[in-house]
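Residue numbers (the working numbering): 571 to 836. Glycine included, each C-beta is placed from N, C-alpha and C at the ideal position. Each remark here refers to the structure printed beneath this line.
Below, the structure written as structure tokens:
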């Protein structure tokens, strides 16, 4: 039996934004396992160093890291310059930059909405605009943005996130049609409950609000998932690996749920 057989035999240059932990880290790991070279980006230098150190044990020649606060307007261009100088053009872009502040329309201030959009929406817009330019010249590219099932089914108390995620659906569908003629595929991956620090925070927050234990709060989450378990980040990473491979050449403009059957939408 062949273990971890590569899907794509041609080495590409991938950039994973928000890759120091969780889903972004899992995406970077899967892309490395497929034989690509990967630059990981995060604003946390310590977490990024830890991630790079771990990945370097298996892939010492194919991993770069860059510390950046992608909410800054010039950040994406600086990342592009860094990767371009070292390896050349980015072929694969994965956006995995977390989510905005929790809250409802009535509790979120104007500042919350503006900050959420500037911190979590604009970096994705800038990244697609920046890196698709070279992909167009090279007539090949893959763009994947990690969203949430909230894009199709709003989650309670995440009004700002619901707003941004659903907007991304329209954006990525539009962009996928524009870029298809250049052999650039664009996708969204919509995770449900995945075992990340953000998921643990939500379970803890609910436990506090309801005055119950973490375990009891976790059972509430599990009761909504037909598969009966919270997903693993590597399951998302494996899907992203496939979408970025040559085997997914005829797929573009998709939005794929990774949620254990949790979503009720068709």
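Pick from the options that is closest to residue i, judged by C-alpha positions
i	options	result
residue 786	794, 828, 796, 773	773
residue 633	599, 644, 639	599
residue 835	597, 639, 654, 724	724
residue 601	580, 644, 679, 671	580
residue 796	831, 734, 671, 621	831
residue 676	771, 726, 617	726
residue 817	712, 667, 666	712
residue 596	658, 716, 678, 783	716
residue 737	720, 749, 628	720
residue 798	762, 784, 813, 782	762
residue 766	781, 656, 668	668
residue 659	704, 631, 679	704
residue 643	620, 588, 619, 691	691
residue 812	665, 745, 714	714
residue 672	654, 771, 666, 625	771
residue 665	588, 768, 778	588
residue 631	748, 605, 779	605
8 Å contact criterion, which residue i and residue j should meet: CB distance rounded
i	j	result
residue 728	residue 701	Incorrect: roughly 28 Å between the Cβ atoms, too far for contact.
residue 682	residue 730	7 Å
residue 753	residue 707	Not really, about 11 Å apart at Cβ, beyond 8 Å.
residue 590	residue 617	4 Å
residue 734	residue 686	7 Å
Cβ-based neighbour list, residue i, same chain, cut-off 8 Å, excluding 5 preceding and 5 following
i	result
residue 764	592, 593, 800, 801, 802, 803, 805, 806, 828
residue 572	Its pLDDT being 39, under 50, residue 572 is placed unreliably by the model, and nothing is read from it.
residue 578	The pLDDT assigned to residue 578 is 48, lower than 50, so where the model puts this residue is not dependable; a value taken from the coordinates is nonetheless given after this. Excluding residues within five positions, the ones whose Cβ falls inside 8 Å are 604, 605, 606, 814, 815, 816, 817.
residue 621	589, 590, 591, 595, 598, 610, 612, 635
Contacts around residue i, its chain only, beta-carbon distance under 7 Å, and the 5 residues preceding and following it disregarded
i	result
residue 647	700
residue 574	Any reading at residue 574 is ruled out, since the residue's pLDDT is 49, under 50, leaving its predicted position unreliable.
residue 638	611, 613, 645, 648, 649
residue 809	759, 826, 828
residue 641	688, 689, 693
residue 674	727, 729
residue 750	822
residue 629	602
residue 656	634
residue 783	777
residue 615	637
Same chain, Cβ closer than 6 Å to residue i, five either side skipped, listed in chain order
i	result
residue 833	719, 723, 827
residue 814	662, 712
residue 743	823
residue 849	The chain is shown from 571 up to 836; residue 849 falls before or after that span and cannot be answered.
residue 670	686, 690, 730, 731
residue 746	756, 822, 823
Minimum Cβ-Cβ distance from residue i to chain B less than 8 Å
i	result
residue 584	Protein chains in the displayed structure number just one, and chain B is not present.
Proximity test, residue i beta-carbon vs the ligand ATP heavy atom, cut-off 7 Å
i	result
residue 730	Of ligands this structure carries none, so the ligand ATP is not represented either.
Stretch pair the region 599 to 612 + the region 578 to 588: three plus CB contacts closer than 8 Å: yes
Contact between the region 777 to 795 and the region 684 to 697 (3+ Cβ pairs under 8 Å): Judged by Cβ distances under 8 Å, the region 777 to 795 makes no contact with the region 684 to 697, as fewer than three pairs qualify.
Contact between the region 811 to 822 and the region 747 to 760 (3+ Cβ pairs under 8 Å): yes
Length at least 4, wholly inside the region 736 to 780: the alpha helix (DSSP H) runs in chain order: 767 to 780, all fully within the region 736 to 780.
Alpha helix (DSSP H) runs contained entirely in the region 666 to 743, provided each spans 4 or more residues: Taken in chain order, the complete alpha helix (DSSP H) segments of 4 residues or longer contained in the region 666 to 743 are 680 to 686, 692 to 708.
Runs of alpha helix (DSSP H) wholly within the region 604 to 662 (minimum 4 residues, chain order): 615 to 626, 645 to 656
Entirely enclosed alpha helix (DSSP H) segments - the region 777 to 832, minimum 4 residues: 784 to 792, 803 to 813
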